[in-house]
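Take a look at the structure below.
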Amino acid sequence: MKRSYFIFFLAIMLISCEKPISEFQSKNFIKFFGSGFESKGNDVVELSDGGYVITGYDKVNASNQQIFAAKVDKNGNLIWSNTYGKSAAKEEGKIVKEVSDGFLIAGISTPTSSSITHSFIMKVNTYGDSLWYKEFRDSTYSIVVNDILVTNSNIYIAGQSYKSDVSKTDFYRAKLDTSGKFIYGKSSFLASNSSYKRIFQQQDNNLLLIGTHGVNNVISMVTVDQSTMNETSPINTVTPNETAADAILNGDKLYLLINNSQSGLKLSKLNSGYIEEWQTETISSVVGKSVAYNEDGTLMICGESIDDLGNPLINFIKVNADGSVYYGQQFYRTFYGTIGRVMQTKDKGLILVGTTNSTYGTNVQLIKTDKDYFMLKNN
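Printed below as a string of structure tokens:
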């Protein structure tokens with residue numbers, strides 16, 4: 009019934025809108041993708057020539073989970089969709105990046121005959137055809153990719169490994185060439201419950217890796233030399249029980265989306281010396297998942313909560329340039345489902361990829377709204 013409500017609501021507004029329908033549709037839509045067994049949306053990228061590519065997973069039958077990717081035009085209409093992978097492994101695309109002649113997809117693969125998770129990087133052309141697929145792995149322990157950074161000559165990996173303890177994570181970083189050939193990989197701070205979440209290139213060309221570090225769970229910022237891949241000692245925050253949900257590096261300003269297991273989510277703005285300039289108020293009952301930076305200096309946080317029946321809800325929290333916030337039903341509606349990624353689009357709107365809840369068949373959900381957040385408003 010909720011999905012019917014979304015479609016009905018959108019249809020009514022399209023009829024009453026003075027702008028051409030095609031223009032409105034390119035800025036506001038909700039689309040669903042998947043085979044019908046079970047699908048998940050993890051990441052989205054806006055293309056240089058318009059449209060979007062998304063990745064996640066799709067179950068092609070009740071038990072065979074494969075990498076999923078799809079390309080849609082600027083109106084959200086499907087151009088192509090494909091699944092990739094091996095029948096004897098459970099696989100999932102986690103990150104997608106556009107390159108000059110196609111797309112890179114990074115993710116994880118777990119053989120059905122093993123409990124060890126491998127990470128992979130694959131390349132597809134602009135038509136969705138697989139060009140190559142390469143794993144970076146160890147036969148004795150799991151390696152999980154959480155983010156990648158693509159430069160002109162290399163692909164850099166940030167994630168976690170389980171090198172010395174199957175239940176405790178290590179920082180993991182790696183370097184590949186642009187054809188996916190493995191150059192360097194290293195685990196550090198073994199069995200310390202540490203994990204890298206995001207990776208960026210700083211203005212000085214060093215890498216900046218953001219994650220969660222240590223048994224006390226503090227936010228960690230680590231600088232890595234691109235050439236040697238040597239890392240500096242982590243710069244850690246002091247508040248315990250925090251995890252890095254997402255981060256944005258804009259110039260020399262770092263924005264950290266943080267979940268505290270005791271209190272809730274917050275967003276912090278740090279300067280080039282990692283000194284906090286401001287933090288938002290703590291928002292309870294919502295778990296932060298992704299944050300988008302807007303050209304006017306505002307940010308949009310996407311988080312998840314649970315309704316009275318146990319269904320996941322997508323929540324939107326706007327953060328002004330000074331750190332003040334707007335959130336709640338009086339400002340923004342909620343959507344049923346979970347979140348993979350949110351990002352600002354070239355028309356200054358937002359695109360969000362995620363997953364519908366099981367009531368709607370667990371499909372990939374793609375939501376696009378314009379710069380006025382039309383699709384998010386309650387009135």
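Under my numbering, think of the first position of the sequence shown as 9, with each following residue one higher. Where is the CB? At the ideal position from N, CA and C, for every residue including glycine.
- Counting only the Cα atoms, S241 lies some 13 Å from L215.
- Here the alpha carbon of Y344 sits roughly 42 Å from the alpha carbon of I191.
- Spanning the alpha carbons of Q210 and V230 requires a straight line of approximately 12 Å.
- Judged by DSSP secondary structure, K277 falls within the beta strand (DSSP E) whose first and last residues are G272 to L278.
- Per DSSP, E289 has no beta bridge partner at all.
- Counting along the chain, G115 sits inside the beta strand (DSSP E) bounded by residues G110 to P119.
- Going by C-alpha positions, S293 is about 42 Å away from D185.
- Just measuring C-alpha positions, the residue of V132, E285, Q73 and A78 sitting nearest S117 is Q73.
- According to DSSP, A199 shares a beta bridge with no other residue.
- Buried is the label assigned to S195, since at least 16 other Cβ atoms lie within 10 Å of its Cβ.
- Judged by DSSP secondary structure, K79 falls within the beta strand (DSSP E) whose first and last residues are Q73 to V80.
- According to DSSP, T91 shares a beta bridge with F76.
- A straight line joining the alpha-carbon of F339 with that of K385 spans about 6 Å.
- Listed as beta-bridge partners of V153 by DSSP are G167.
- In the three-state DSSP reduction, S47 falls in the strand class (E or B).
- Under the DSSP assignment, V246 falls outside any beta strand (DSSP E); it carries neither an H nor an E label.
- For A329, no beta strand (DSSP E) segment is defined, and its DSSP state is neither H nor E.
- By the Cβ neighbour-count rule, Q168 is buried, with 16 or more other Cβ atoms within 10 Å of its own.
- Look at M237 here: in three-state DSSP terms it is coil, with no helix or strand label.
- The DSSP-derived three-state label of Y282 is coil.
- Contact between L275 and V295 is ruled out by a C-beta separation of about 13 Å, above the 8 Å threshold.
- Leaving aside the five residues that flank L278 on each side, the residues in its chain whose CB is nearer than 6 Å to its CB run, in chain order, L262 and E284.
- By a beta-carbon distance limit of 8 Å, M237 contacts R181. Their separation comes to about 6 Å.
- In the displayed model, F339 falls within coil according to three-state DSSP, outside both helix and strand.
- Considering only S175, Y381 and S203, the residue with the shortest C-alpha distance to D355 is Y381.
- The beta carbons of V372 and G42 sit closer together than 8 Å.
- Judged by DSSP secondary structure, N85 falls outside any beta strand (DSSP E); it is assigned neither H nor E.
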